[in-house]
Every structure is written in structure tokens, then in C-alpha cells.
Amino acid sequence: MGDPDAKVTVRLYEDPRCPFCEEFETTGGSSELREAMLVHRARAEYTLASFLDDRVGGGGSKRAVNALRAAMEKGKFVEYHEVLYAHQPEESVDGYTDAYLLELAGEVDGLRGPEFDAAVKSMKYRSFVTASERAYERAGGAEEPEGPGTPTAEINGKRIPLEYNGLLGSGVFARLLQQIHDDPAEWEQTTF
Numbered sequence: 098m099g100d101p102d103a104k105v106t107v108r109l110y111e112d113p114r115c116p117f118c119e120e121f122e123t124t125g126g127s128s129e130l131r132e133a134m135l136v137h138r139a140r141a142e143y144t145l146a147s148f149l150d151d152r153v154g155g156g157g158s159k160r161a162v163n164a165l166r167a168a169m170e171k172g173k174f175v176e177y178h179e180v181l182y183a184h185q186p187e188e189s190v191d192g193y194t195d196a197y198l199l200e201l202a203g204e205v206d207g208l209r210g211p212e213f214d215a216a217v218k219s220m221k222y223r224s225f226v227t228a229s230e231r232a233y234e235r236a237g238g239a240e241e242p243e244g245p246g247t248p249t250a251e252i253n254g255k256r257i258p259l260e261y262n263g264l265l266g267s268g269v270f271a272r273l274l275q276q277i278h279d280d281p282a283e284w285e286q287t288t289f
């Protein structure tokens with residue numbers, strides 16, 4: 098999402114049921130990332146996981162990832178992504194039902210319609226959901242074969258260690274994105 102020519106690329110690994118992802122998206126650095134995207138300083142890429150369905154039970158993550166993919170087809174990914182996290186059910190509750198996903202889609206102008214609704218109800222993008230989960234697992238490498246944890250952020254291919262993820266709010270993320278934009282070579286030299 099955002100300007101494909103932006104100097105800064107932020108890749109986020111998220112599971113729609115993850116409460117820490119919800120925290121990042123609603124009160125953390127996500128708003129700062131959106132601001133950087135609006136001024137063409139950064140772009141965002143998402144790898145959407147669904148591992149919590151297996152760990153906690155149910156299929157809500159898979160249904161939410163499918164619905165997000167359907168929203169992308171309508172050019173409404175960013176708006177719908179924001180709505181889903183603003184209304185995230187508790188992690189232990191399999192609350193992302195088809196009915197709830199469609200209800201939330203009603204909050205995004207122009208998203209609901211026969212194609213979107215059918216895609217949600219039929220799990221049209223099931224293969225995308227599976228491929229995205231596999232990409233998430235591969236991102237963990239040998240050290241984390243089940244995936245890197247959520248949320249995880251990489252900026253220009255360099256992962257921000259989990260112990261720093263708490264810093265991704267309160268203006269810190271915005272300053273980090275600006276610094277990397279201004280001097281990408283310095284970021285390449287950064288070690289954690």
C-alpha cells in the first residue's frame with residue numbers, strides 16, 4: 098500500500114486476531130505509518146498470518162484475511178484493515194464470523210456489494226490465505242519456524258527486534274521512518 102517509489106518500505110506481519118497487532122494498529126505506530134504513506138515517504142506491505150486459528154481455535158483469522166484480500170480487490174484494503182482492528186473481537190473468541198465481517202464492511206464506503214459479499218461467504222481467496230500463512234512461517238527462518246511473532250515490522254528488509262516493537266508509538270516510529278528516508282545508508286549499517 099502506498100507509493101511504490103517510496104524510499105522506505107515497511108513490511109508488517111500480523112494476524113487479525115492478535116491483540117498486540119490491534120494495539121499497534123489502534124494506538125501504536127500505525128497512524129504514523131499512514132501519515133508517512135500519505136506524504137509518499139513510505140509504503141507498507143502486509144503478510145497476513147492466520148496461526149491463531151490453530152492455537153486458539155476457530156477460523157476467524159482465515160476468514161478475516163480472506164475478507165481483507167477481497168477488500169483489496171475493491172481498493173479498500175487500508176480502510177477495511179483499520180475497521181477490523183478497531184472492532185477486533187477478543188483473541189479467545191472466534192468473533193470474525195462472515196456476518197460480523199460483512200457488518201464491519203458496511204462501515205467502509207463502497208466496499209459492500211454482491212462480489213465482495215460472495216467472496217467473504219465463499220472464502221474465495223482461500224489459496225491466498227494459505228499462501229500468506231506460509232509466507233509468514235518462512236519469514237521466521239530456522240530460528241522461528243512457526244513465524245516471527247506478531248506484530249513484527251521490517252523496514253527496508255531489516256527486522257526491528259521484538260524488544261523494540263514497544264517503541265513503535267508515541268512519535269518514535271515517525272522519527273524512525275523520517276530518519277531512514279533521509280539517510281537510508283545509515284539504516285543499512287544499524288545493528289541491533
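If you read the sequence shown in the working numbering, its first letter stands for residue 98, the second for the next number, and so on.
Glycine is no exception: its CB is placed at the ideal position from the N, C-alpha and C atoms.
Bear in mind the structure is a predicted one, so any value in this text is a computation, not a measurement.
Pair within 7 Å by beta-carbon distance, residue i and residue j
i	j	result
H184	L201	yes
A141	L130	yes
R160	Y193	yes
E188	P116	yes
H278	R166	no
E123	Y197	According to the sequence displayed, residue 123 carries Thr and not Glu. No.
G157	M134	no
T205	V226	Correcting the residue type first, residue 205 is Val in the shown sequence and not Thr. No, they are not a contact pair.
G126	F270	yes
D195	V162	no
Which residues DSSP lists as bridging residue i, in chain order
i	result
G99	R140
T106	R140
E111	L145
Residue i (DSSP reduced to helix, strand or coil)
i	result
I252	strand
G207	coil
Y193	coil
A282	helix
E188	coil
K218	helix
I277	helix
A133	helix
G157	helix
A305	The structure shown does not extend to residue 305, since the chain spans only 98 to 289, so no value can be given for it.
P258	coil
Check: residue i C-beta below 6 Å from any heavy atom of the ligand NAD
i	result
K173	Here there are no bound small molecules, and the ligand NAD is not part of this structure.
Alpha-carbon spacing of residue i relative to residue j, whole angstroms
i	j	result
G254	V107	8 Å
F121	D112	12 Å
S147	P281	32 Å
L145	G155	17 Å
L274	P248	17 Å
M220	A228	14 Å
E234	Q286	27 Å
H178	E283	32 Å
Y143	D191	22 Å
D102	E170	21 Å
CB contact below 7 Å: residue i versus chain C
i	result
A228	Given the protein chain composition of this structure (a single chain), no chain C is represented.
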